[in-house]
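Undergrad: For the sequence shown, the working numbering assigns the number 896 to the initial residue and increments by one for each residue that follows.
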Amino acid sequence: MMIKYRLTISYDGTPHGGWQRQSNFQKPCIQQVIEDALSSLFGTKITVLASGRTDAGVHAIEQTIHFRSLKLLETADFCYSLNSLLPDSIICRRAFIAPPHFHAMASAVSKIYRYRVYNALRPSPLFRNVAQWVRTSLDLSELNALAAQIEGTHDFTSFKNSGTKTKHNVRTVFSAKWTCQPAWNHIESFPEKPLTACADEKTKARSLNAVSGESAALIPLRQGEPAAMAAYEEPSFARSSLVEKIPLEDRFYDFTIVGDGFLKQMVRNLVGTQIQLAVHKRPSNEIGRILAAKDRKAALKTAPAWGLYLVRVNYPEDLDKECREI
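#1: Measure the beta-carbon distance from residue 1205 to residue 949 and round it to whole angstroms, keeping in mind my assumption that it falls under 8 Å.
#2: With three or more beta-carbon pairs closer than 8 Å as the criterion, would you say the segment 1054-1065 touches the segment 1031-1040?
#3: Any idea what DSSP makes of residue 1213, helix, strand or coil?
#4: Examine the Cβ distances between the segment 978-986 and the segment 1169-1187 and report whether three or more of them are shorter than 8 Å.
#5: Taking the alpha-carbon positions, what's the residue 1160 to residue 1197 distance?
#6: Excluding the 5 residues flanking residue 1190 on each side, which residues of the same chain have their C-beta closer than 8 Å to its C-beta?
#7: Is it buried or exposed for residue 880, if we count other Cβ within 10 angstroms and need 16 for buried?
#8: Measure the alpha-carbon distance for residue 1213 versus residue 1007 and round it to whole angstroms.
#9: Between the Cα of residue 1167 and the Cα atoms of 1219, 1154, 1010 and 946, which residue gives the shortest distance?
#10: Comparing alpha-carbon positions, which option in 897, 934 and 951 lies nearest residue 917?
#11: To the nearest angstrom, report how far apart residue 1031 and residue 1184 are at their CA atoms.
#12: Could you spell out the range, first to last residue, of the beta strand (DSSP E) harbouring residue 925?
#13: For residue 1211, I'd like the list of residues in its chain whose CB is within less than 8 Å of its CB, leaving aside the five on either flank, ordered along the chain.
#14: Beta carbon of residue 986, beta carbon of residue 904: below 9 Å?
#15: With burial defined as no fewer than 16 other Cβ atoms inside 10 Å of the residue's Cβ, what is the status of residue 938: buried or exposed?
#16: Just to confirm the assignment, what range does the alpha helix (DSSP H) spanning residue 1075 have?
#17: Can you tell me which of the three DSSP states residue 992 falls into?
#18: What is the DSSP secondary structure of residue 1220, reduced to helix, strand or coil?
#19: Tell me the residue span of the alpha helix (DSSP H) that contains residue 1042.
#20: So who's on the other strand from residue 987, going by DSSP bridges?
#21: Less than 9 Å between the C-beta atoms of residue 998 and residue 961, yes or no?
#22: On a Cα-Cα basis, can you pick out the residue from 1146, 988, 1221 and 1151 that is closest to residue 1013?
#23: CB-CB under 6 Å to residue 1208, same chain, minus the five flanking residues each way: which ones, in chain order?
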């Protein structure tokens, strides 16, 4: 009897030629890499099917795939065994034995995508493969006024990649929202001063929340632990002199969209259009005009692939419960 497996996969899209297996692409495609690893693990040819295809350069936090095999493979750690055969850019996070009626694509009820924009005066080499750089200062309220026009059930022909053939272009967007955060908030994890021995027993248990600066749970040192290993006080975001020097424009703007399905390059076209409208201070009702046109030429630029992340694929709760983790 054929056994159906369900896997949750994460990948960095940078070194890959997208999800779909193809022979004429210079970079290795993610589907082919995973199939090769699974075929080696199972000792027979394995073909996988994903919840959807991602373009070259697009990343996935949680992509869902399924495949079938006659072999029941329940190792002590399935993911560890598979990951040992995968490159560092791809990892299996979870594995399940799924019921026969589970289908990675057809069973999905919604998907979550996130697009990251790095808003700063100059580009950063650290973010060049994970976020789109935008030089012009952005306004969160203006972006969210645009995003609000996307929510609901619409014909998204204007935001579909030109030349793509689909039976229908109507999709429902349950939520579309922009959020903002400092791009360099990880700097606060570095101490402003070197580690020093604790002056007394009371300070041995000190542990501070690096983000808020408020006291966190006390973690006492083990008996006999050297005083030099005592906790140091990490600077809060507000106190960090280095962070204070970062301009307000040095931020990440994240666009998170939840929908029942998405057309090819729909999210990237939505992001690119919103950014252009926000930069040029166009009214939010422009989105409605573009939707009504049902013409790709009415929309604006396509945002680059490297800022896009497939966050999660959602399935019916009862179907999730039928999947047994291995």
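Backbone N, C-alpha and C fix where the C-beta goes; we use that ideal spot for every residue, glycine too.
TA: Result, derived from the coordinates:
#1: 6 Å
#2: no
#3: helix
#4: no
#5: 8 Å
#6: 1052 and 1053
#7: Outside the shown range of the chain (896 to 1221) lies residue 880, about which nothing can therefore be said.
#8: 20 Å
#9: 1010
#10: 951
#11: 24 Å
#12: Note, residue 925: premise wrong, no beta strand (DSSP E); alpha helix (DSSP H) at 925-937.
#13: 1002 and 1004
#14: yes
#15: exposed
#16: Here residue 1075 belongs to no alpha helix (DSSP H); instead the beta strand (DSSP E) covers 1065-1077.
#17: strand
#18: strand
#19: 1035-1043
#20: 904
#21: yes
#22: 1146
#23: 946, 959, 1003 and 1006
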